[in-house]
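Structure below.
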């Protein structure tokens, strides 16, 4: 074999290895992006469940605390914002606002002993609490998946090719404003 033939074989081998590496990298990006989308879908299921429970809760509270219309209207408006959110980021912000308004609604419940003792209110409160726990767990899972995805497209040498393939960074689902502090309740 001549030196030229060996050089051509080596170049072909290097090109084949690079093509295989690019295919593997691309497939990894796709898998990670799909995991992020799946994690968001899991959150979305729980968020929809919460949205479905809210009208019943509002009606129950209305029956006992009709003069709390500003709180009930805030919950209704926050729910509508969630349902009308145009993007994933808008939905995250709207859901955080809804979480804050639900805290206010439950604070109202504390002020009305008859409402607090209502079996319907207790059941709805328990279902919402259970849903909130699931949302919290799913949010953590989503954020972990987004972090892995973002790391996979931001590390070298993948960062060079991620942009070329159209893979973009995803936003984390941040906690609601003030989630780390207990709400202040006063009547």
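Numbering (the working numbering), first residue to last: 107 to 293. C-beta: ideal position from N, C-alpha, C; glycine also.
Just the C-alpha distance for residue i and residue j, rounded to the nearest angstrom, thanks.
i           : j           : result
residue 195 : residue 127 : 33 Å
residue 165 : residue 180 : 14 Å
residue 154 : residue 203 : 15 Å
residue 253 : residue 152 : 21 Å
residue 168 : residue 256 : 45 Å
residue 158 : residue 234 : 10 Å
residue 121 : residue 111 : 15 Å
residue 209 : residue 266 : 45 Å
residue 200 : residue 231 : 20 Å
residue 216 : residue 222 : 6 Å
State buried or exposed for residue i, treating a residue as buried only when at least 16 other CB atoms are found within 10 Å of its CB.
i           : result
residue 129 : exposed
residue 261 : exposed
residue 245 : buried
residue 287 : Only weak support is given to the placement of residue 287: the predicted model assigns it a pLDDT of 47, under 50, and the question is left unresolved by the model.
residue 227 : buried
residue 214 : buried
residue 124 : exposed
residue 281 : exposed
Thinking residue i and residue j are a contact (beta carbons under 8 Å), I'd like their distance in whole angstroms, please.
i           : j           : result
residue 211 : residue 177 : 6 Å
residue 224 : residue 170 : 7 Å
residue 135 : residue 273 : 5 Å
residue 247 : residue 138 : Wrong, their Cβ atoms sit about 14 Å apart, outside the cutoff.
residue 145 : residue 237 : Between residue 237 and residue 145 the Cβ distance is about 17 Å, and since that is not below 8 Å, they are no contact.
residue 185 : residue 160 : 5 Å
Can residue i be considered in contact with the ligand ATP, in the sense that its beta carbon sits closer than 6 Å to one or more heavy atoms?
i           : result
residue 231 : Within the structure as shown, the ligand ATP is missing, as the structure has no ligands at all.
Exercise for review: Output the residue ranges of the beta strand (DSSP E) runs that lie fully inside the region 246 to 275 and measure 3 residues or longer, sorted by chain position.
Suggested key: none
Point to revise | Completely contained beta strand (DSSP E) runs for the region 203 to 239, where each covers 3 or more residues | key: none
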